[in-house]
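One structure is given below, encoded as structure tokens.
In full-length UniProt numbering, the protein residues as written are 1 to 203.
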């Protein structure tokens with residue numbers, strides 16, 4: 001369960017160090033050949049579908065990939081066919097946070113804040129509960145082996161995961177999995193990381 005992830009205290013120069021790593025890892029990710037990335041996406045999607053936690057989940061919280069993030073939206077149709085509910089994130093105005101809204105098709109998504117496809121405002125909102133075996137699929141610029149991540153600096157996922165009671169699963173190319181990344185008091189670790197080379201349970 002998510003909740004293992006509040007890091008212990010500030011790090012001097014944290015913001016600058018995160019920015020440096022973010023820039024470095026984004027360049028590395030965007031340099032990966034398209035055929036290599038597509039092959040990795042297929043492998044990671046299959047690994048998601050094979051997870052026991054996926055089998056028992058009632059709802060899967062996906063993300064729409066940007067800037068070379070792993071594309072596992074191919075699992076959406078499989079999740080829906082298995083009778084699961086599927087939701088995608090929607091950023092609130094003025095950086096107030098992030099909510100998820102349910103969809104029945106990727107066709108319901110349309111570009112919104114930051115140009116990222118989001119569900120319609122009128123779609124039903126997902127309400128987190130500690131009693132549900134749901135999965136939140138978490139993107140990042142990179143992860144470390146402790147489950148921490150470097151995102152885009154807005155804190156949307158850290159704030160959402162603080163109130164999420166299900167299983168959080170990070171997806172990344174293996175070449176972007178680091179031994180450690182700098183972290184602050186409010187950073188949240190994921191419960192599992194999946195790469196094209198296998199699953200990593202944070203130390």
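Even for Gly, the Cβ is constructed at its ideal location relative to N, Cα and C.
One or two residues paired with residue 144 in a DSSP bridge: Within the chain shown, the letter at position 144 stands for residue 144. DSSP output for residue 144 lists 178 as bridge partner(s).
C-alpha distance - residue 65 paired with residue 172, whole-angstrom precision: Mapped onto the chain shown, residue 65 falls at position 65. Mapped onto the chain shown, residue 172 falls at position 172. Each residue's alpha carbon lies about 11 Å from the other.
Beta-carbon separation (whole angstroms), residue 145 vs residue 179, contact threshold 8 Å: For this step, residue 145 is matched to residue 145 along the chain shown. For this step, residue 179 is matched to residue 179 along the chain shown. At roughly 6 Å, the Cβ-Cβ gap stays under 8 Å, so residue 145 and residue 179 are in contact.
Candidates 19, 54 and 107, of which the one nearest residue 134 by Cα: Along the chain shown, one-based indexing puts residue 134 at 134. It is 54 whose Cα lies nearest to the Cα of residue 134.
Three-state secondary structure (DSSP) of residue 67: Here residue 67 refers to the residue found at position 67 when the chain shown is read from its first residue. Three-state DSSP puts residue 67 in coil, outside helix and strand.
Interface flag, residue 183 vs chain D, CB-CB below 8 Å: In the structure shown, chain D does not exist; there is a single protein chain.
Residue 59, buried or exposed, once every other Cβ within 10 Å from all chains shown has been counted against 16: Residue 59 sits at position 59 when you count from the first residue of the chain shown. By the 10 Å Cβ count, residue 59 comes out buried.
For residue 100: DSSP bridge partner residues: Numbered from its first residue, the chain shown carries residue 100 at position 100. According to DSSP, residue 100 bridges with 89.
Residue 74 versus residue 45: straight-line alpha-carbon distance, rounded: Here residue 74 is taken as the residue at index 74 of the chain shown, counted from 1. Here residue 45 is taken as the residue at index 45 of the chain shown, counted from 1. Rounded to the nearest angstrom, the two C-alpha atoms are 7 Å apart.
Alpha-carbon spacing of residue 26 relative to residue 32, whole angstroms: The count along the chain shown starts at 1 and reaches residue 26 at position 26. The count along the chain shown starts at 1 and reaches residue 32 at position 32. For residue 26 and residue 32, the distance between alpha carbons rounds to 10 Å.
Beta carbon of residue 112 nearer than 8 Å to that of residue 100: One-based indexing of the chain shown puts residue 112 at position 112. One-based indexing of the chain shown puts residue 100 at position 100. Their beta carbons are not under 8 Å apart, which means residue 112 does not touch residue 100 by this criterion.
The alpha helix (DSSP H) enclosing residue 195, as first and last residue numbers: The residue given as residue 195 occupies position 195 in the chain shown. No alpha helix (DSSP H) contains residue 195, which is instead part of the beta strand (DSSP E) from 192–195.
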